[in-house]
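Undergrad:
There are 2 protein chains.
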Amino acid sequence: MLIPPETLARRSTPTADGRRSARVLVGNDFSQDVRTDRGWTGWWVQRIAWFAEDGDILVLPVRPDDDFLDYVTAMTGTRKDSLSIVVPPVSETDEGTLSPARLANHDFISELEKVMVGRRITHLSALWPDPAVAALARAVGISSSMPGHGFVSQAGGVMVNSKSAFRMIAGGAGVPLPDGTVCTSPESAERAIVELLDGGPVMVKHDFLSGGRGNEILTTGEPFRPIGARRVVPIDNPSDVHSYLEERWEWLTAGGAGRPVAERYVRDSSAFFVEFLISDSGVELTGDGELLSAPYAVGQIMPSQGVEPAVFDQLVEGGRRLAEALHALGYRGILGPDAIVTPTREVLFTEFNGRITGSTHIYGRIGGRAVDGFGKDRIILERVWPGGWSTPSFTDALTTLRDAGLAYDPATRTGVILTNAFDGQNGVMYCVVAENLNTAWSADRALHPLFAA
Amino acid sequence: MLIPPETLARRSTPTADGRRSARVLVGNDFSQDVRTDRGWTGWWVQRIAWFAEDGDILVLPVRPDDDFLDYVTAMTGTRKDSLSIVVPPVSETDEGTLSPARLANHDFISELEKVMVGRRITHLSALWPDPAVAALARAVGISSSMPGHGFVSQAGGVMVNSKSAFRMIAGGAGVPLPDGTVCTSPESAERAIVELLDGGPVMVKHDFLSGGRGNEILTTGEPFRPIGARRVVPIDNPSDVHSYLEERWEWLTAGGAGRPVAERYVRDSSAFFVEFLISDSGVELTGDGELLSAPYAVGQIMPSQGVEPAVFDQLVEGGRRLAEALHALGYRGILGPDAIVTPTREVLFTEFNGRITGSTHIYGRIGGRAVDGFGKDRIILERVWPGGWSTPSFTDALTTLRDAGLAYDPATRTGVILTNAFDGQNGVMYCVVAENLNTAWSADRALHPLFAA
Numbered sequence: 000m001l002i003p004p005e006t007l008a009r010r011s012t013p014t015a016d017g018r019r020s021a022r023v024l025v026g027n028d029f030s031q032d033v034r035t036d037r038g039w040t041g042w043w044v045q046r047i048a049w050f051a052e053d054g055d056i057l058v059l060p061v062r063p064d065d066d067f068l069d070y071v072t073a074m075t076g077t078r079k080d081s082l083s084i085v086v087p088p089v090s091e092t093d094e095g096t097l098s099p100a101r102l103a104n105h106d107f108i109s110e111l112e113k114v115m116v117g118r119r120i121t122h123l124s125a126l127w128p129d130p131a132v133a134a135l136a137r138a139v140g141i142s143s144s145m146p147g148h149g150f151v152s153q154a155g156g157v158m159v160n161s162k163s164a165f166r167m168i169a170g171g172a173g174v175p176l177p178d179g180t181v182c183t184s185p186e187s188a189e190r191a192i193v194e195l196l197d198g199g200p201v202m203v204k205h206d207f208l209s210g211g212r213g214n215e216i217l218t219t220g221e222p223f224r225p226i227g228a229r230r231v232v233p234i235d236n237p238s239d240v241h242s243y244l245e246e247r248w249e250w251l252t253a254g255g256a257g258r259p260v261a262e263r264y265v266r267d268s269s270a271f272f273v274e275f276l277i278s279d280s281g282v283e284l285t286g287d288g289e290l291l292s293a294p295y296a297v298g299q300i301m302p303s304q305g306v307e308p309a310v311f312d313q314l315v316e317g318g319r320r321l322a323e324a325l326h327a328l329g330y331r332g333i334l335g336p337d338a339i340v341t342p343t344r345e346v347l348f349t350e351f352n353g354r355i356t357g358s359t360h361i362y363g364r365i366g367g368r369a370v371d372g373f374g375k376d377r378i379i380l381e382r383v384w385p386g387g388w389s390t391p392s393f394t395d396a397l398t399t400l401r402d403a404g405l406a407y408d409p410a411t412r413t414g415v416i417l418t419n420a421f422d423g424q425n426g427v428m429y430c431v432v433a434e435n436l437n438t439a440w441s442a443d444r445a446l447h448p449l450f451a452a
Numbered sequence: 000m001l002i003p004p005e006t007l008a009r010r011s012t013p014t015a016d017g018r019r020s021a022r023v024l025v026g027n028d029f030s031q032d033v034r035t036d037r038g039w040t041g042w043w044v045q046r047i048a049w050f051a052e053d054g055d056i057l058v059l060p061v062r063p064d065d066d067f068l069d070y071v072t073a074m075t076g077t078r079k080d081s082l083s084i085v086v087p088p089v090s091e092t093d094e095g096t097l098s099p100a101r102l103a104n105h106d107f108i109s110e111l112e113k114v115m116v117g118r119r120i121t122h123l124s125a126l127w128p129d130p131a132v133a134a135l136a137r138a139v140g141i142s143s144s145m146p147g148h149g150f151v152s153q154a155g156g157v158m159v160n161s162k163s164a165f166r167m168i169a170g171g172a173g174v175p176l177p178d179g180t181v182c183t184s185p186e187s188a189e190r191a192i193v194e195l196l197d198g199g200p201v202m203v204k205h206d207f208l209s210g211g212r213g214n215e216i217l218t219t220g221e222p223f224r225p226i227g228a229r230r231v232v233p234i235d236n237p238s239d240v241h242s243y244l245e246e247r248w249e250w251l252t253a254g255g256a257g258r259p260v261a262e263r264y265v266r267d268s269s270a271f272f273v274e275f276l277i278s279d280s281g282v283e284l285t286g287d288g289e290l291l292s293a294p295y296a297v298g299q300i301m302p303s304q305g306v307e308p309a310v311f312d313q314l315v316e317g318g319r320r321l322a323e324a325l326h327a328l329g330y331r332g333i334l335g336p337d338a339i340v341t342p343t344r345e346v347l348f349t350e351f352n353g354r355i356t357g358s359t360h361i362y363g364r365i366g367g368r369a370v371d372g373f374g375k376d377r378i379i380l381e382r383v384w385p386g387g388w389s390t391p392s393f394t395d396a397l398t399t400l401r402d403a404g405l406a407y408d409p410a411t412r413t414g415v416i417l418t419n420a421f422d423g424q425n426g427v428m429y430c431v432v433a434e435n436l437n438t439a440w441s442a443d444r445a446l447h448p449l450f451a452a
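Quick note, the sequences are listed as chains Y and D, same order.
Note that numbering that gives the first Met the number 0 has the first sequence beginning at 0, numbered continuously upward.
Note that numbering that gives the first Met the number 0 has the second sequence beginning at 0, numbered continuously upward.
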């Protein structure tokens, strides 16, 4: 949400009052109010290490993997021993996540205040704009250093990560959308879906899930393989829509907490993101890329490759309008609007994400800091760890890559960079830095024999 | 929502193509998606008659009371016989309300299209910004004449009438709020309420109900009489908050569809509204007034009386910031922010209403059109029909007023104006036009012997 990826100067030099300035970076995840499927994410939030600058204070749900931290700080040129890491005590079932209870824990707040002594905190940020972070900022007396504090303290983060609020705001901003609507009741959903099905398949979207896991496709025609969705549901007649909604409404609304979206599903489209930093001074494009799904998110290409200039302009223009609307609302931080480009090269926006996304550290810090020439003569192909591959630890994965001569080499400015800590099961997310998409995919294929079980 | 109260010129003159221009005004109410307690409102929406200009087409859930329509059009100077009134066929249980099904009814759409023949529709508006109205605009091919169509078509009306969205946006705009937060889960609600109770009574608010009917006050101190709330709930220890939420969460969230607000309740405050018209060209203050509650809404005073200029400026300034935020979102129409003024003269905003409110026709059309000198040497005291009073019909009420010499007289520019149709039970809403608040209240007291049973 709140971290400018590459716009912050290093801040280790002492200020006028002799105190070093420092930032507090909170490695949290979707709040439990929005998603209850995220207890596993202790490793995923460690990507916040990519954003660390000398003197920063990191708040994390678990101690980060030391090898991972060595690796990242060597890449970004941050002095690892200048960093402070604070892990709030665990209570009951929230060890993998920075729950509101952990962020409000008295011992944690005392420890954080101790670490802050002698530093002037210029900035507090989190991966996810949670009111619990705003409460933490107040508790340690630095709410004025948290951009967008007022908006986040009133749970505005829910609005800027909601697919229903996205469609309302996009509709108001005149940003092009797939035909469809926000469903405010099962009856309105049924009417909308039946009407849309006349024109082809319909995507029904959960308000808050991501990576395609909240989407289902309804079709009256031939079945097909879903992309960016859980499944394709055949509809033989309108009463099937009624039955579908009867069965799925509870899930689609997360028990009533969200409003699903129903919209035209355009087969054979590509998906892109454009990210903006929204700060007090305005809106700035920070990155872009293509999103790959099969059927869920499997990777990203940054920057976007092979997009016609006119299409790219529409992506940026629509994204900017959304960012400007949220700027007017008082949201501050990263906004990642997504859009599809249809086979007829229509640009249609599909959601926005008001948080540090799974792209921000890749283009903003790996691309923006670690890789010379990113976006000029180098691209990044980022990959979710493939099913069936296996490695026992971060260090094992790194050693394997180095031994095979496939690890990133600053001399050639090509090779594989591990992007996160070990996932606790069998993998490590990674990306390939290459001259172009062909060489990137071929480097990616070279990994198969190393890790395929 | 969309009707400018007094900014529209009369439009009965033929346009260049020989067709008369006309507007379609939809007398709808809260959508069923937001409120399910509104089947009774066939009379309440008839206040739309106050907005009618020559040649307009009114869509209403029931045939309006003819005597009421005579009365209103005589007051506004609109030619009654120039108006067209269309009532969609009733289906099952929605006779009192313009449900989405009624607005999508094929016979209704054909009839509306017939009425539109020979007229150029310059504007389509509704009392409530319902996606079903946006769908109607599309169905009859006039969506470009509906201001804010894109926002409303994606259910944006829910956002601009939500107390939780209000607090997010107000927090982002830096508009002063009572201490508190949006509750995204029972756990976060409990934490917030327990913390707030340390400082005094706490108001818990349903996301969508109005007139104080969605509010409950929790207090650890002496019980007191609720104002603007259903009741005062005594809290002896923190576990009472837990039990309260366990019992009331389902109701507070309307079964999960909304997010309640918990905020500091400041006793002995007064409540005010400021209304703005949000149009493509910007934001314009259209009216203001004081809201009277005992404990629910019982009346309004327009314009606000006895408010210090510095306090009034804060009301307008905060309201304008909210209106500008919603302008940036693409909402078009009336926005009525409410605020309390505390005994120490703090101005704290409490909600906004993105719709034609219960104030708009009073200040905008009765004040703005029917009463000369409104806001200069005349004020309006509006009153909800008091409990215990009774009249058998609109015409009876009017005759009684005239016989007693208390009906509004254009010569003296004082007296009682009936503001709506007969409520179907025992009353008619009314307002008193007077030189000042003292004479207004004394005219109001004079009605007691006429109607008290």
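Backbone N, C-alpha and C fix where the C-beta goes; we use that ideal spot for every residue, glycine too.
Ser163/Y by DSSP, collapsed to three states: which one?
TA: Correct three-state label for Ser163/Y: helix.
Undergrad: Kindly give me the distance between the Cβ atoms of Thr394/D and Asp66/D, rounded to whole angstroms, as I take these residues to be in contact under 8 angstroms.
TA: Between Asp66/D and Thr394/D the Cβ distance is about 5 angstroms, and since that is below 8 angstroms, they are a contact.
Undergrad: Using beta carbons (cut-off 8 angstroms, strictly below), is Met202/Y in contact with chain D?
TA: False, the Cβ-Cβ gap to chain D never drops below 8 angstroms.
Undergrad: So, Ser358/Y versus Met301/Y, is the Cβ gap smaller than 8 angstroms?
TA: Yes, these two residues count as a Cβ contact at 8 angstroms.
Undergrad: Is the CB of Arg229/Y under 8 angstroms away from at least one CB in chain D?
TA: By this cut-off, Arg229/Y is not an interface position.
Undergrad: Is the Cβ of Met115/Y closer than 8 angstroms to any Cβ of chain D?
TA: False, the Cβ-Cβ gap to chain D never drops below 8 angstroms.
Undergrad: So the candidates are Glu112/Y, Val415/Y, His105/Y and Leu195/Y; which of them puts its Cα closest to the Cα of Ala396/Y?
TA: Closest by alpha carbon: Val415/Y.
Undergrad: Does the beta-carbon of Asn538/D have 16 or more other beta-carbons within 10 angstroms, so that it is buried, or is it exposed?
TA: Nothing can be reported for residue 538/D: it is not among the residues displayed for chain D, which extend from 0 to 452.
Undergrad: Does the distance from the CB of Ser184/D to the CB of Ala154/Y come in under 8 angstroms?
TA: Not closer than 8 angstroms, so no.
Undergrad: How many whole angstroms separate the CB atoms of Asn419/Y and Gln45/Y, which I take to be in contact at a CB cut-off of 8 angstroms?
TA: That belief holds up - the Cβ atoms of Asn419/Y and Gln45/Y are roughly 6 angstroms apart, short of 8 angstroms.
Undergrad: Under a three-way DSSP split, which group does Gly179/Y fall into?
TA: It is a strand residue.
Undergrad: Using three-state DSSP, classify Ile365/Y as helix, strand or coil.
TA: In this structure, Ile365/Y counts as helix in the three-state DSSP scheme.
Undergrad: Show which residues of chain A have a CB atom less than 7 angstroms away from the CB atom of Arg166/D.
TA: Protein chains in the displayed structure are Y and D, and chain A is not among them.
Undergrad: I want to see whether chain D comes within less than 8 angstroms of Phe150/Y, judged by CB atoms only; does it?
TA: Yes, because at least one Cβ of chain D sits closer than 8 angstroms to the Cβ of Phe150/Y.
Undergrad: Just the Cα atoms here: how many angstroms apart are Glu186/D and Asn214/Y?
TA: Straight-line Cα distance between these residues: approximately 28 angstroms.
Undergrad: Can you tell me whether Thr96/D is buried or exposed? The criterion is at least 16 other CB atoms within 10 Å of its CB, across all chains shown.
TA: Thr96/D should be labelled buried.
Undergrad: Count the other CB atoms, across all protein chains shown, that sit within 10 Å of the CB of Val116/Y; report buried if there are 16 or more and exposed otherwise.
TA: Val116/Y should be labelled exposed.
Undergrad: Mind pulling the chain Y residues with CB within less than 9 angstroms of Arg62/D?
TA: Near Arg62/D there are no residues of chain Y at all, since even the closest Cβ is about 26 angstroms away, more than 9 angstroms.
Undergrad: Does Leu453/Y come within less than 8 angstroms of chain D when only Cβ atoms are used?
TA: With chain Y represented from 0 up to 452, any question about residue 453/Y goes unanswered, as that position is not in the structure.
Undergrad: Count the other CB atoms within 10 Å of the CB of Ala452/D; is the residue buried (16 or more) or exposed (fewer)?
TA: Looking at its Cβ environment, which holds fewer than 16 other Cβ atoms inside 10 Å, Ala452/D is exposed.
Undergrad: Is there contact here, the region 272-285 of chain D with the region 326-345 of chain D, by at least three beta-carbon pairs under 8 angstroms?
TA: Contact holds: three or more Cβ-Cβ distances are below 8 angstroms.
Undergrad: Residues of chain D with CB closer than 9 angstroms to the CB of Thr349/Y, please, in chain order.
TA: Neighbours of Thr349/Y on chain D: none; closest Cβ ~13 angstroms, over 9 angstroms.
Undergrad: Pull up the distance between the alpha-carbon of Gly149/D and that of Ile56/D, whole angstroms please.
TA: Using only the alpha carbons, I get a separation of about 22 angstroms.
Undergrad: 8 angstroms is my cut-off, CB to CB: does Gly329/D come that close to chain Y?
TA: Chain Y, which has a Cβ nearer than 8 angstroms to the Cβ of Gly329/D, makes this yes.
Undergrad: Taking Arg377/Y as the reference, give the member of Cys430/Y, Tyr70/Y and Glu110/Y with the closest Cα.
TA: Measuring from the Cα of Arg377/Y, the nearest candidate turns out to be Cys430/Y.
Undergrad: Buried or exposed for Ser152/D, going by 16 or more other Cβ atoms inside 10 Å?
TA: Buried is the call here.
Undergrad: Starting from Gly156/Y, trace the alpha helix (DSSP H) both ways and give me its first and last residue.
TA: First-last of the alpha helix (DSSP H) with Gly156/Y: Gly155 to Met158.
Undergrad: Between the C-alpha atoms of Pro4/Y and Ala253/D, what's the straight-line distance to the nearest angstrom?
TA: Any reading at Pro4/Y is ruled out, since the residue's pLDDT is 44, under 50, leaving its predicted position unreliable.
Undergrad: Just the C-alpha distance for Glu434/Y and Ala293/Y, rounded to the nearest angstrom, thanks.
TA: Between Glu434/Y and Ala293/Y, the C-alpha separation is close to 24 angstroms.
Undergrad: Please say whether Gly26/Y and Val71/Y have beta carbons closer to each other than 8 angstroms?
TA: Going by C-beta atoms, Val71/Y is not nearer than 8 angstroms to Gly26/Y.
Undergrad: In chain order, what residues of the same chain lie with their CB nearer than 6 angstroms to the CB of Arg320/Y, ignoring the 5 residues before and after it?
TA: The residues are Ala172 and Val174.
Undergrad: With a cut-off of 8 angstroms, does the C-beta of Ser358/Y fall near any C-beta of chain D?
TA: Not one chain D Cβ lies under 8 angstroms of Ser358/Y.
Undergrad: Counting only runs of 4+ residues fully inside the region 45-131 of chain D, write out the alpha helix (DSSP H) ranges in chain order.
TA: Entirely contained in the region 45-131 of chain D, the alpha helix (DSSP H) runs reaching 4 residues are, in chain order, 65-75, 99-102 and 105-115.
Undergrad: Who are the Cβ neighbours of Gly145/D in its own chain at under 6 angstroms, not counting the five residues just before and after it?
TA: Sequence inspection shows Met at residue 145/D; the Gly mentioned does not correspond to that position. Taken in chain order, the residues that qualify are Leu123 and Ala136.
Undergrad: Taking the alpha carbon of Phe107/D as the reference point, which residue from Gly179/D, Asn160/D and Pro87/D has its own alpha carbon closest?
TA: The option with the nearest alpha carbon to Phe107/D is Pro87/D.
Undergrad: Put Trp42/D into one of helix, strand or coil per three-state DSSP.
TA: Three-state result, Trp42/D: coil.
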